[in-house]
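Residue numbers (my numbering): 7 to 638. We put the beta carbon where it would ideally sit given N, CA and C, even for glycine.
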């Protein structure tokens, strides 16, 4: 049937067509599939695959047929008609670009179009998401659509045995998280090293050259579609994926950690150690500080350590002053749990290395866990280069277009929204100190709550979200709190944020990817109002937050409340902090517009982050090149 439809298309379709012509052909062919029996529609994939393999039709014709088949399958399964914006996004992704779609425009179904196409032409597609909830949600939504087209689809279970994962990877399309597919790659390589009889040097050389067979899991990396691609390829790329080996026997006692912490407490900032506020509060001992570390031992036996004593004390300083509870980690059920700095989510399977985890456990008086070494590591930049082609979608890619182009060779295609935006952006409110800002935020929430308008409050960290929650408790205002500690209820909480009178406090990334629908009558009240209690380090994260309201042409409004005490200004524009504090104030609020200065501070912060990621990728490449040369 598909072959007959392809033959009926005008000859022009076999040449290079523009998007407008492709859209017309997709719609035209979609109408011809409406009367096709389900059994024949299910044969679509095999017929298209054969045509592609035999080169009996152009790639444009296969694309048109594949997209039309997905549109018809979605209509039959859910009664959904795909919009032109979704088809345009699908075309951009199929070309290997990043589709920047506004939030709420239907990225999940848009990605199904190129996923099915690449399942035909490449036989291996990984749809990569930033978290397990999104992977499962998209898999469950689209599995009936793919199945009706004769396409197999699998969900990559996190932390599952190899047999289960092998099944998922054997499917035409596999849904999974970015970190899980990356760790599986490392597990594959280690398994290969253990199986091959070649000498160790040869095995490492082959590993570095990418010539190691794909063992155990059988994962083929042909085409990757990355959802929320800026989160996966930029935010999460600030740290490498490190696969830990088995726990080591505890070689450093709790007493030694305590001794180093006591030493660190006595050191003087700016004299004994320096804090770099622009590089995630990195701490370095001065020469004076190093001398003090050894002098303070005063005849005590130096502990038996793998690292110099001064380096151990420096790690103690990092635990004391560089990492903060309810910002970088939380303590729950007598355990210290890492908080992902990019997403605000708890990561119980992660741990800091080189003793930092153990220092924090001693500092917080929780049971000491055994240290682990690194069995293997890879940066996101190097991992995703293993795919034949990478593409993806997000609502916020344009601000990072340069980094996508230079690091990954990806272009950004901006897809116009289906409906004009009705979102109202209110001017920032600026305060001389944090307490004045909090009073204004509390007053504004109370005012809006009385009108019945749903309010979403964006907070940068868990600590800030809980501070605001305590204030609303005292004010007697009901709210829902979503800050990464409630992963199981995350989607449900954020999805209900559009109800009458709802007040939802959320860390910026919590619930990302979950649609917030306005309840009946809320549009007449003005839609959802967003309050952000500070500007974020990145303009892109601000845009992600703003995109939570006024979706799909709904009404809505946004406003940022800023303080001269905010970390962004303290770190990247200290002179602006002083200017704000010196201005005339009414209830702590100043009347000046500081949007230009805030934008400049964000640009400096973004530049520092970009540089750090470039350095990480360059160091990773250098290590691979040097090891490869040594092992030749």
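Where residue i falls, given that 16 or more other Cβ within 10 Å makes a residue buried
i, result
"residue 40", "exposed"
"residue 487", "buried"
"residue 144", "buried"
"residue 11", "Only weak support exists for where residue 11 lies, its pLDDT of 49 falling under 50; the coordinates are left without a value."
"residue 643", "With the chain represented from 7 up to 638, any question about residue 643 goes unanswered, as that position is not in the structure."
"residue 641", "Past the boundaries of the shown model lies residue 641; the chain is included only from 7 to 638, so the question cannot be answered."
"residue 120", "buried"
"residue 190", "buried"
"residue 3", "This structure gives no information on residue 3, because the portion of the chain shown stretches from 7 to 638."
"residue 132", "buried"
"residue 628", "exposed"
"residue 31", "buried"
"residue 282", "exposed"
"residue 237", "buried"
"residue 280", "exposed"
Collapsed DSSP secondary structure at residue i in the structure displayed
i, result
"residue 234", "coil"
"residue 343", "strand"
"residue 663", "Outside the modelled stretch of the chain, which goes from 7 to 638, sits residue 663, for which no answer is possible."
"residue 109", "coil"
"residue 89", "coil"
"residue 555", "coil"
"residue 282", "strand"
"residue 421", "coil"
"residue 377", "coil"
"residue 353", "strand"
"residue 612", "helix"
"residue 289", "strand"
"residue 590", "coil"
"residue 465", "strand"
"residue 313", "coil"
"residue 412", "helix"
"residue 160", "strand"
"residue 37", "helix"
"residue 26", "helix"
"residue 209", "Since pLDDT at residue 209 reaches only 49, below the 50 mark, its modelled position is unreliable, and no value is offered."
"residue 128", "coil"
Range covered by the alpha helix (DSSP H) that runs through residue i
i, result
"residue 104", "Counting along the chain, residue 104 falls outside any alpha helix (DSSP H), though it belongs to the beta strand (DSSP E) covering 104-106."
"residue 390", "386-390"
"residue 546", "545-552"
"residue 175", "168-175"
"residue 266", "260-272"
"residue 300", "293-301"
"residue 51", "50-59"
"residue 442", "440-457"
"residue 393", "No alpha helix (DSSP H) holds residue 393; DSSP gives it neither H nor E."
"residue 480", "468-481"
"residue 76", "65-84"
Beta-carbon proximity check, residue i vs residue j, cutoff 8 Å
i, j, result
"residue 70", "residue 42", "no"
"residue 368", "residue 260", "yes"
"residue 322", "residue 104", "no"
"residue 608", "residue 541", "yes"
"residue 594", "residue 560", "no"
"residue 413", "residue 546", "no"
"residue 574", "residue 434", "no"
"residue 51", "residue 198", "no"
"residue 443", "residue 437", "yes"
"residue 352", "residue 336", "yes"
"residue 53", "residue 135", "no"
"residue 538", "residue 578", "no"
"residue 183", "residue 164", "yes"
"residue 123", "residue 74", "no"
"residue 430", "residue 544", "no"
"residue 344", "residue 330", "no"
"residue 398", "residue 460", "no"
"residue 79", "residue 57", "no"
Element boundaries [beta strand (DSSP E), containing residue i]
i, result
"residue 144", "Note, residue 144: premise wrong, no beta strand (DSSP E); alpha helix (DSSP H) at 138-154."
"residue 510", "509-513"
"residue 561", "561-569"
"residue 577", "Note, residue 577: premise wrong, no beta strand (DSSP E); alpha helix (DSSP H) at 573-578."
"residue 324", "Segment: none, residue 324 is in no beta strand (DSSP E) and carries neither H nor E."
"residue 182", "179-183"
"residue 335", "335-338"
"residue 429", "428-431"
"residue 362", "Not the beta strand (DSSP E): residue 362 falls in the alpha helix (DSSP H), residues 362-369."
"residue 436", "435-437"
Below-8 Å beta-carbon distance, residue i vs any chain C residue
i, result
"residue 162", "Given the protein chain composition of this structure (a single chain), no chain C is represented."
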